[in-house]
Amino acid sequence: MREPRTRHEVLTDLAGHITNLIDDHYADRLTTTRIARMIGRSALVVRQEFKRAMGMSLRDYLTAVRIERAQHLLRASEKVEVVALQVGYRSKRQFIRQFKTHVGMIPSDFRRVPSAAHRHHSTERSIVRNDVRPRSAMAISSS
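Sequential numbering from -11 applies to the sequence shown in our numbering.
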């Protein structure tokens, strides 16, 4: 007989499911309400449980994923306007504002920096699918 799942396991599964959705649909118009509908939970539960498990809000995670993907596209010499649309921003101005906030420079300057220096100017937290672990899992693995 299978043991009942712990709250930690449920939170980890929910956060993992949400991060997978965001990783797969980051260029779409994602809102907490839309994500909640996609997984069959209320927006309030999704928002609270994601923050509890991941240590960051859904919006912050989505923004970090978009900016990280944008950095890769900019390195491939895509135009700023094209990159903004490809990563889910409908406004070039909003994309540039978010990019500068997270990276410390505007996208056109980022493109001019030699790629070895990009590691210094990348987002604070790497939000690559394989690196994403709920906060509690990070604490366990670093013990």
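Where a beta carbon is used, it is the ideal one built from N, C-alpha and C, also for glycine.
Between the alpha carbons of Thr21 and Val71, how many angstroms are there, rounded? About 25 Å.
Q. Distance, Cα to Cα, His5 vs Val101?
A. Rounded to whole angstroms, the gap between the alpha carbons of His5 and Val101 is 35 Å.
Report task. Could you check what DSSP says for Ala58 in three-state terms: helix, strand or coil? Result -> helix
What residue range does the alpha helix (DSSP H) around Ser96 cover?
For Ser96, the enclosing alpha helix (DSSP H) has its first and last residue at Pro95 to Arg100.
Practice item. In the DSSP assignment, find the alpha helix (DSSP H) that holds Leu32 and state where it starts and stops. Key: Ala31 to Met42
| said: Determine whether the beta carbon atoms of Gln74 and Ala15 lie at a separation below 8 Å. | reply: yes
Evaluate contact between the segment 45 to 65 and the segment 84 to 103, counting only Cβ atoms and requiring at least three cross-stretch pairs below 8 Å.
yes
Can you have a look at Val68 and say buried or exposed, based on whether 16 or more other CB atoms are within 10 angstroms of its CB?
buried
Query raised in the report: In this structure, does DSSP put Ala15 in helix, strand or coil?
Result: coil
Taking 8 Å as the threshold (C-beta atoms), are Thr19 and Tyr49 in contact? no
Buried/exposed call for Val34, threshold 16 Cβ in 10 Å
Answer is buried; the Cβ neighbour count reaches 16.
query: What separation, rounded to the nearest whole angstrom, lies between the Cα atoms of Leu132 and Arg29?
result: The chain is shown only over -11 to 131; residue 132 falls outside these bounds and no answer can be derived.
Q. If you draw a straight line from the alpha carbon of His108 to that of Leu2, how long is it in whole angstroms?
A. Summary for His108: the model assigns pLDDT 49, below 50, so the residue's position carries little reliability; its value from the coordinates is reported in the next sentence. Taking the Cα positions, His108 is about 32 Å away from Leu2.
- Query: Using the rule of at least 16 other Cβ atoms within 10 Å of the residue's Cβ for burial, across every protein chain shown, is Leu46 buried or exposed?
  - Reply: buried
Count the other CB atoms, across all protein chains shown, that sit within 10 Å of the CB of Ile134; report buried if there are 16 or more and exposed otherwise.
The shown model of the chain, from -11 to 131, leaves out residue 134, and the question about it has no answer.
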